[in-house]
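Structure record follows, encoded as structure tokens.
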Amino acid sequence: MAKEFERGKMVPVPSHSIIPERDIDKSPILECSHLGIQFGGLKAVDDFNLTIGRTEIAGLIGPNGAGKTTVFNLLTKVYQPTKGTILLDGMDTTGKTTVQINRMGIARTFQNIRLFGNLSVEDNVKIGLHNQEAYSALTGILRLPGYWKREKAAHQRALELLSIFDMQDMAEAKAGSLPYGAQRRLEIVRALATNPSLLLLDEPAAGMNPSETAELMENIVKIRDMFHIAVLLIEHDMSLVMSICEGICVLNFGQVIAKGTAEEIQSNPAVIEAYLGKKKEG
């Protein structure tokens with residue numbers, strides 16, 4: 012039986028959305044308004060609206076091909092939207108690059124694991140720490156005292172982050188040699204190393220067994236509470252989504268067909284039809 016997690020009470024905000032009650036006195040971390048992208052004549056995402064509270068665990072679900080990963084690519088500027096706006100912590104992200112968006116506070120993982128397999132676990136995490144570089148190129152080239160001070164701090168921070176998943180003892184192992192579940196966890200740690208305010212997880216439970224998925228759920232909640240950040244996840248494991256997600260947005264054919272709490276989504280006829288198909292009459 013899946014572990015019960017305490018989800019926050021959701022309350023309405025002026026943008027006709029809902030966010031956790033605990034976030035009501037703070038501005039949302041993410042506000043998408045009428046977001047869309049068109050490839051040729053195909054509208055891959057159309058009129059997408061979403062608001063996420065500052066410490067919300069939110070879910071983005073829908074059938075295969077619904078446009079979920081495309082939304083992630085829009086949020087991280089892999090694709091530039093054809094229309095609409097994205098506000099991150101109240102700041103318009105129009106025209107920003109993927110690197111600039113990461114520095115503004117969005118980090119992500121991918122459906123297909125993208126680690127540097129030949130580098131150590133620790134070095135993969137250190138790559139995520141690039142946003143906190145504090146020494147000049149010359150200092151690094153000449154290995155001046157500032158370089159070694161920064162390297163020591165990066166080493167300590169990498170081990171701290173790895174300890175979230177009890178992976179500190181794997182620091183010197185090659186990332187590519189880790190079991191699948193551990194690689195998934197490492198990718199999340201690397202994303203956290205960039206110091207995000209919004210963490211995007213693209214199918215984090217893919218390929219995991221039930222015990223690994225249960226542990227992942229606990230760790231997502233732990234990450235939210237430890238770092239006081241928001242999490243938006245794409246996931247096909249409905250037990251995970253319904254257990255930890257507070258607000259859920261459902262996409263189908265690039266359009267939002269439902270938004271609400273887990274209880275509301277589970278009983279929504281449009282969502283049931285999107286997943287199971289329309290009943291034949293007669």
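So the sequence shown is numbered by our numbering: it starts at 12 and just counts up by one. All C-beta atoms in this analysis are idealised placements derived from N, C-alpha and C, irrespective of residue type, glycine included.
| Query | Result |
| --- | --- |
| Any non-hydrogen atom of the ligand ATP closer than 7 Å to Lys163 Cβ | In the structure shown, the ligand ATP is absent, as is every other ligand, since no ligand is present at all. |
| Residue from Ala186, Leu140, Gly19 with nearest C-alpha to Ala169 | Leu140 |
| Closest residue to Cys43 among Glu171, Ser28, Gly78, Phe127 (Cα-Cα distance) | Ser28 |
| In DSSP terms, what Val242 is bridged to | Ile68, Leu210 |
| Rounded straight-line distance, which links the Cα of Ile40 to that of Met21 | 15 Å |
| Presumed contact (8 Å Cβ cut-off) between Ile124 and Glu67, rounded CB distance | Wrong, their Cβ atoms sit about 26 Å apart, outside the cutoff. |
| Contact under 8 Å by Cβ, Leu197 with Asn135 | yes |
| Proximity test, Cβ basis, 8 Å: Lys163 and chain C | Going by chain labels, chain C is absent from the structure shown, which holds only one protein chain. |
| Exposed unless 16 or more other CB atoms sit within 10 angstroms - verdict on Gly76 | exposed |
| Check whether Glu257 and Arg65 have beta carbons under 8 Å apart | no |
| As assigned by DSSP and simplified to three states, the class of Gln122 | coil |
| Alpha-carbon spacing of Lys14 relative to Leu251, whole angstroms | 10 Å |
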